[in-house]
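Number of protein chains: 2
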Amino acid sequence: MEGSADTLKPPYYAVIFTSLRTDVDSSGYEKMADRMVELGSMQPGFLGVESARGADGIGITVSYWASLEAIRSWREHFEHRIAQELGREKWYQWYRLHICRVETMIGFERGE
Amino acid sequence: MEGSADTLKPPYYAVIFTSLRTDVDSSGYEKMADRMVELGSMQPGFLGVESARGADGIGITVSYWASLEAIRSWREHFEHRIAQELGREKWYQWYRLHICRVETMIGFERGE
Numbered sequence: 001m002e003g004s005a006d007t008l009k010p011p012y013y014a015v016i017f018t019s020l021r022t023d024v025d026s027s028g029y030e031k032m033a034d035r036m037v038e039l040g041s042m043q044p045g046f047l048g049v050e051s052a053r054g055a056d057g058i059g060i061t062v063s064y065w066a067s068l069e070a071i072r073s074w075r076e077h078f079e080h081r082i083a084q085e086l087g088r089e090k091w092y093q094w095y096r097l098h099i100c101r102v103e104t105m106i107g108f109e110r111g112e
Numbered sequence: 113m114e115g116s117a118d119t120l121k122p123p124y125y126a127v128i129f130t131s132l133r134t135d136v137d138s139s140g141y142e143k144m145a146d147r148m149v150e151l152g153s154m155q156p157g158f159l160g161v162e163s164a165r166g167a168d169g170i171g172i173t174v175s176y177w178a179s180l181e182a183i184r185s186w187r188e189h190f191e192h193r194i195a196q197e198l199g200r201e202k203w204y205q206w207y208r209l210h211i212c213r214v215e216t217m218i219g220f221e222r223g224e
């Protein structure tokens, strides 16, 4: 995960963004997606982000936050609002946004 | 999402499983992953699952559940326990499991 969420103790918050892309404007989308990760990572209360998109076009991005207030501020950020608009206008076939409170985190890492 | 989580009203629960695969035993892993989706989907309280793994090898699977009790039962299921053991033994370089309470769900679907 980018950020430092590995060492956090719950409760904190997760935003699960699941989406299916359209075929429209891939390069514009990629550029905006990179910008949103960069900008989101600079927001107060940002803890980390992880992302995967499979061959079937379905993508899941999970971002972690210190509070619901931090999530709300980021969702209302001016540049982020433009990205959301463009997403609905052309980039996404569908998306689902789940805002969650993390209750438990369990990690495993292989030894050397 | 497989299942019927699209029409649900929070609160319900999400399990975010983020992982990096090793290079070991891909076919065994794929077979077990398919079996776990099949078996998990049959558990009481299962609401849906979505999954993506990108070219960098990082995968995110999110499953949705009616209660923490349903999540606990599934984690303790005999066959699932074997899968978890094998995962730590050979399939995963690392993983993180976040158990979360869904507070808000927002959906978007493109019109025809």
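Protein chains in written order, with my numbering: chain A, 1 to 112; chain B, 113 to 224. Even for Gly, the Cβ is constructed at its ideal location relative to N, Cα and C. Treat the numbers as computed from the prediction; the structure is a model and nothing was measured.
query: Between the CA atoms of Pro122(B) and Glu162(B) - distance to the nearest angstrom; result: 17 Å
query: Whether Trp206(B) touches Phe78(A) by CB criterion (8 Å); result: no
query: Selection of the stretch 128-160 of chain B by Cβ proximity to chain A, strictly under 7 Å; result: Ile128 and Thr130
query: Unbroken alpha helix (DSSP H) run spanning Glu181(B), endpoints; result: Leu180 to Arg187
query: Neighbourhood of Gly157(B) by C-beta distance below 6 Å, restricted to the same chain and skipping five residues each side; result: Trp177, Ala178, Ser179 and Ala182
query: Cα-Cα separation between Ala164(B) and Ser19(A), rounded to whole angstroms; result: 10 Å
query: Beta-bridge partners of Val102(A), as assigned by DSSP; result: Tyr12(A) and Cys212(B)
query: Where Val161(B) falls: helix, strand or coil (DSSP); result: strand
query: Proximity of Tyr141(B) and Trp186(B) at Cβ, strictly below 8 Å; result: no
query: Paired residues, beta bridge with Val62(A) - DSSP; result: Ile16(A) and Glu50(A)
query: Val174(B) versus Met36(A), Phe17(A) and Ile106(A), residue with shortest Cα-Cα distance; result: Phe17(A)
query: Interface flag, Glu191(B) vs chain A, CB-CB below 8 Å; result: no
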